[in-house]
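Worksheet: one structure, shown below.
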Amino acid sequence: MSSDRELADDLEFLHYILADTRVLLLDFDGPICSIFSGMSADCIASRLSRMLSEKERVDPPPHVKNTSDPFEVFKYAFTLGQSSARYVEAALREYEAEAVATSKPTPFAHQLLNTWAATGRNLVVVSNNSSVAIEAYINLHGLQTLIDDVVGRTSHRPDELKPNPYFLRLALQLMRANPGEATFVGDSITDTHAAKAANMRFIGYANKPGKSGLFVKAKADIVVRSMRLLVESVTNSC
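Numbered per my numbering, the sequence shown finishes at 245, counting up by one with no gaps.
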């Protein structure tokens, strides 16, 4: 497969992949919505770091104190013990649930959900975000009938999260599908690694400049820069 094809928003090749897909797996933050679009992820990460520091009376390392990624704080908390991990995960879960109210749907994402559901094939949301937050978003936007299941964070173990393929494999089990019948759509390199570890196809959603090249290097099967292309591909196959 050529890098030109991978970089070119190739509708023909995308159609080929999706036509051969029985189970579509979508990441939540990115392909479906921007969960922290109404809240600052930087601020949440900072709050979690301070909360952890006060609880454990430790001085987190610079990469934790300065991170803009709440999950980095969660991972660090896990190194301090089960209690710390549970504490940070619970707080992160609350922030995620709160963020849902102001999160912005990704352009064409809801249209994709409707279009895919009309084909009668399965769709599962697979995400490192909490299941509570994902289900709250689904209920808020009335998407319940379009999504077959949700596989999200339900524990205090960050080692279960992507790039670990655990969630993807669980989604396959729930849908009684094999990896060759599934395609995962995600917006991060960790998503790519998880899909490859699960032996399934991966569509990289390059929603920011520079991501296309990173996805190609990580060996994504194809890269798209808009969810509109998935909608068009599924629509044209009906």
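Cβ coordinates follow ideal geometry from the N, Cα and C atoms, glycine included.
Treat the numbers as computed from the prediction; the structure is a model and nothing was measured.
Less than 8 Å between the C-beta atoms of residue 21 and residue 223, yes or no?
no
Unbroken stretches of the beta strand (DSSP E), 3 residues or longer, contained in the segment 9-55:
30-33
Rank 233, 95, 243 by C-alpha distance to the C-alpha of residue 40 and give the top, closest one.
233
Provide the residue span of the alpha helix (DSSP H) that contains residue 177, from first to last.
Element bounds for residue 177: 173-182.
Grab the span of the beta strand (DSSP E) containing residue 191 for me, first residue to last.
189-193
Do residue 165 and residue 35 have their C-beta atoms closer together than 8 Å?
no
Output needed for residue 55: all residues of its chain with C-beta closer than 7 Å, excluding positions within five of it in sequence on either side, in chain order.
Within the same chain, residue 55 has close Cβ partners 77, 80, 95, 98, 99.
What is the rounded straight-line gap between the Cα of residue 116 and the Cα of residue 235?
8 Å
Between the C-alpha atoms of residue 45 and residue 37, what's the straight-line distance to the nearest angstrom?
Counting only the Cα atoms, residue 37 lies some 14 Å from residue 45.
Tell me the rounded alpha-carbon separation between residue 196 and residue 63.
32 Å
Is it the case that the Cβ atoms of residue 174 and residue 132 are separated by a distance below 8 Å?
no
Residues near residue 111 in its chain [Cβ-Cβ closer than 8 Å; skip 5 each side]:
40, 41, 44, 45
Local conformation of residue 130 per DSSP, three classes
strand
Rank 184, 59, 208 by C-alpha distance to the C-alpha of residue 90 and give the top, closest one.
Comparing Cα-Cα distances from residue 90 to each of 184, 59, 208, the minimum goes to 59.
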